[in-house]
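Listed in order, the protein sequences are those of chains A and B.
Count the first sequence with UniProt numbering and you get residues 1 to 231, in order.
Count the second sequence with UniProt numbering and you get residues 1 to 231, in order.
Positions of the beta carbon are idealized from the N, C-alpha and C atoms, including for glycine.
Number of protein chains: 2
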Amino acid sequence: MWTRWASYSLRVNHHGGATVMPVILHGPGYSTYARTARLALEEKGVAYELNEVDILTGKGHAPEHLARHPWGKVPAFEHDGFTLFETLAITRYVDEAFPGPALQPSDVKARARMTQICSVVDSYGYAAIVGKLFWQEAIVPMQGGTPNAEIAAEGLKVTRQVLDVLEGLAAGDLLCGGSVSLADLHLLPVVEYLRMTKEGGAAFAAKPKLSAWWETMNARPAVVKTRPKLG
Amino acid sequence: MWTRWASYSLRVNHHGGATVMPVILHGPGYSTYARTARLALEEKGVAYELNEVDILTGKGHAPEHLARHPWGKVPAFEHDGFTLFETLAITRYVDEAFPGPALQPSDVKARARMTQICSVVDSYGYAAIVGKLFWQEAIVPMQGGTPNAEIAAEGLKVTRQVLDVLEGLAAGDLLCGGSVSLADLHLLPVVEYLRMTKEGGAAFAAKPKLSAWWETMNARPAVVKTRPKLG
């Protein structure tokens with residue numbers, strides 16, 4: 001526990017004493033977007049407190065969380081009184097505000113590709129893979145319901161398109177080449193759930209670059225540490 | 001016309017001659033996202049060719065456009081054979097690949113705020129303001145249909161939330177302080193349409209910081225030049 005606190009930034013307060021100004025991430029362990037933000041913090045070596053706001057049980061709409069995120073979603077982020085929501089803003093801030101390995105490529109084209117891959121995940125990937133396919137196959141039965149096959153099929157159709165696009169955009173076993181970037185961290189939690197679905201998992205396994213990427217990412221300590229425990 | 005071509009980058013071809021390698025933006029003048037990309041090009045002083053793909057008449061799903069954008073949307077972008085889709089990737093690339101005024105703040109927190117404002121527009125603003133409110137009030141009647149009051153009301157409700165959030169995040173009469181940033185360019189085309197709706201326009205006018213921002217932005221040559229001609 002002390003090692004987690006050891007790298008918190010210290011500020012001298014009005015009385016000359018040192019106060020701890022922690023980094024706090026609000027969001028449950030099962031949220032893909034909260035996990036992306038955690039992965040950025042872990043990869044940078046930033047110590048943080050995790051406040052696991054359980055949005056599936058309505059905690060996202062409690063007044064204290066709405067003060068952090070006006071739509072009651074996750075993640076929300078605090079650093080020395082500076083607050084943010086929206087994952088792309090949080091992860092870019094984490095990369096740029098703290099020391100540690102750069103999570104954005106120095107090459108302008110590779111950086112554009114990184115932003116594009118994050119946006120493809122946000123604009124098309126998440127809704128199809130998590131919102132439709134994984135939700136129907138995993139979450140609905142877990143909540144005692146019957147999956148809607150039509151919604152799952154719609155999800156699978158777009159999932160296949162997303163995988164085609166990402167396989168085409170991927171530089172190799174890291175999405176933007178060189179070292180781990182925010183693109184890898186945005187995609188990984190979504191793929192974790194995709195691989196738990198039958199047909200989605202098979203579609204993913206058929207992509208050689210993405211499969212090599214998964215093996216590379218899967219071995220990283222940050223990925224192992226933040227793996228959600230479901231069910 | 002020659003001045004538009006004058007700043008295109010020149011490359012020496014295999015035969016020792018110079019070939020023109022233009023920047024091309026694909027997307028119609030009425031698209032808010034295409035306009036955001038154009039605003040970035042205009043503010044940077046980058047010469048470009050505009051290919052006005054008319055997505056409302058199905059041109060987005062023509063094979064030549066699907067090769068540029070797998071979901072048939074806009075904008076799509078080309079520079080020296082490097083292709084991109086997704087507006088955030090295009091605008092960041094335009095800012096970082098070309099000379100001209102910086103469109104991203106140098107301060108890390110201001111840059112995080114910029115990314116957050118762009119994401120709020122993408123995640124909540126566009127669907128409510130353009131997809132529901134403006135679409136029902138302006139596009140549906142233009143196409144001879146009858147607006148759906150319930151959808152328009154849903155759009156107005158989220159529009160009010162978005163305006164509250166943006167008024168709170170805005171630094172002043174430029175959203176991220178200092179000079180024009182990508183946040184200003186992402187929001188402007190959406191507000192152009194918001195102001196054409198009756199109740200949305202009134203809700204916008206009631207926000208002092210956003211109203212001052214509009215006056216500032218409205219006077220910029222890039223904004224005047226890219227203003228869509230509707231109807």
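- Message: Output needed in chain order: residues of the segment 103-126 of chain A with a Cβ under 9 angstroms from some Cβ in chain B.
- Response: Hits within the stretch, in order: V108, K109, R111, A112, R113, M114, T115, Q116, I117, C118, S119, V120, D122, S123, Y124.
- Message: Residues in the same chain with beta-carbon distance under 7 angstroms from T216(A), minus the five sequence neighbours each way, listed in chain order, please.
- Response: So the qualifying residues of the chain are D173, L174.
- Query: alpha helix (DSSP H) containing F204(A): first to last residue?
  - Reply: For F204(A), the enclosing alpha helix (DSSP H) starts and ends at 198-205.
- Message: Tell me the residue span of the alpha helix (DSSP H) that contains N148(A).
- Response: Note, N148(A): premise wrong, no alpha helix (DSSP H); not H, not E.
- Query: Does any C-beta atom of chain A lie closer than 7 angstroms to the C-beta of R92(B)?
  - Reply: Yes, contact with chain A.
- Message: Per DSSP, what are the beta-bridge partners of N218(A) in this structure?
- Response: As computed with DSSP, N218(A) is found in no beta bridge at all.
- Per DSSP, the bridge partner or partners of A76(B): When DSSP reads this structure, A76(B) sits in a beta bridge with H26(B), F85(B).
- Item | Three-pair Cβ contact test at 8 angstroms for the segment 155-171 of chain B versus the segment 82-90 of chain B | Flag = no, the segment 155-171 of chain B and the segment 82-90 of chain B do not touch.
- Query: Going along the chain, which residues of the segment 67-85 of chain B sit with their C-beta nearer than 8 angstroms to a C-beta in chain A?
  - Reply: Under the 8 angstroms Cβ criterion, the segment 67-85 of chain B contributes P70, W71, F82, L84, F85.
- Item | Proximal chain A residues relative to L163(B), where beta-carbon distance stays under 9 angstroms | Those do not exist, as L163(B) stays about 11 angstroms from chain A at its closest Cβ, beyond 9 angstroms.
- Query: Which of the three DSSP states, helix, strand or coil, is assigned to L50(A)?
  - Reply: In this structure, L50(A) counts as strand in the three-state DSSP scheme.
- Could you give the residue range of the alpha helix (DSSP H) that holds R111(A)? R111(A) -> alpha helix (DSSP H) spans 108-120.
- chain B within 7 angstroms of A97(A), Cβ atoms only: True, the Cβ-Cβ gap to chain B drops below 7 angstroms.
- Message: Against chain B, with Cβ distances strictly below 7 angstroms, would A37(A) count as a contact?
- Response: It does not; no Cβ of chain B falls within 7 angstroms.
- L66(A) versus P22(B) - alpha carbon distance: Distance from the CA atom of L66(A) to the CA atom of P22(B), rounded to whole angstroms, is 47 angstroms.
- Nearest candidate by alpha-carbon position, reference G81(B), set I24(B), D164(B), V53(B), E137(B): Residue I24(B) is the option with its Cα nearest to G81(B).
- Query: For S123(B), does the three-state DSSP call read helix, strand or coil?
  - Reply: Helix at S123(B).
- Query: Helix or strand or just coil, what does DSSP make of H61(B)?
  - Reply: The three-state secondary structure of H61(B), taken from DSSP, is helix.
- Pull up the distance between the alpha-carbon of D122(A) and that of T146(A), whole angstroms please. Spanning the two alpha carbons is a distance of roughly 27 angstroms.
- Query: What in chain A is Cβ-close to L88(B), meaning under 7 angstroms?
  - Reply: Near L88(B) (Cβ distances below 7 angstroms), the residues of chain A are T115, S119.
- Message: Which of the three DSSP states is assigned to T32(B) in this structure?
- Response: In the three-state scheme derived from DSSP, where H, G and I count as helix and E and B as strand, T32(B) is classed as helix.
- Query: Rounded C-beta distance between A167(B) and K209(B)? I'm assuming under 8 angstroms.
  - Reply: Contrary to the premise, residue 167(B) reads as Glu rather than Ala in this sequence. Correct: roughly 5 angstroms between the Cβ atoms.
- Do you know offhand how far S119(B)'s Cα is from P141(B)'s? Note on geometry: alpha-carbon atoms of S119(B) and P141(B) lie some 30 angstroms from one another.
- Task: Mark Q116(B) as exposed unless 16 or more other C-beta atoms lie within 10 angstroms of its C-beta, in which case mark it buried.
- Result: Here Q116(B) is buried: its Cβ has 16 or more other Cβ atoms, across all protein chains shown, within 10 Å.
- Task: Determine the direct distance from the alpha carbon of V94(A) to that of K109(B), and round the result to whole angstroms.
- Result: Distance from the CA of K109(B) to the CA of V94(A), rounded to the nearest whole angstrom, comes to 10 angstroms.
- Query: Could you give the distance in angstroms between the alpha-carbon of K225(B) and the alpha-carbon of S181(A)?
  - Reply: Cα-Cα distance, rounded: 37 angstroms.
- Item | For V180(A), three-class secondary structure by DSSP | Here V180(A) carries a coil assignment [DSSP, helix/strand/coil].
- Message: Am I right that L185(A) and E43(A) are in contact with their C-beta atoms under 8 angstroms? What's the rounded C-beta distance?
- Response: The Cβ separation is near 7 angstroms, so the contact holds.
- Span separating the alpha-carbon of A202(B) from that of V74(B): Going by the C-alpha atoms only, they are around 29 angstroms apart.
- DSSP three-state call for G100(B): helix, strand or coil? In the structure shown, the three-state DSSP call for G100(B) is coil.
- Message: Spatial neighbours of R50(A) within its chain, please: C-beta separation below 6 angstroms, excluding the five flanking residues on both sides.
- Response: Per the sequence presented here, residue 50(A) reads as Leu, with Arg not at that position. Within the same chain, L50(A) has close Cβ partners L25.
- Item | Test item: CB-CB of R35(A) and P189(A) under 7 angstroms | In contact: R35(A) and P189(A) (Cβ atoms closer than 7 angstroms).
- Query: How about I90(B) and A47(B): do their beta carbons lie closer than 7 angstroms?
  - Reply: Contact: no.
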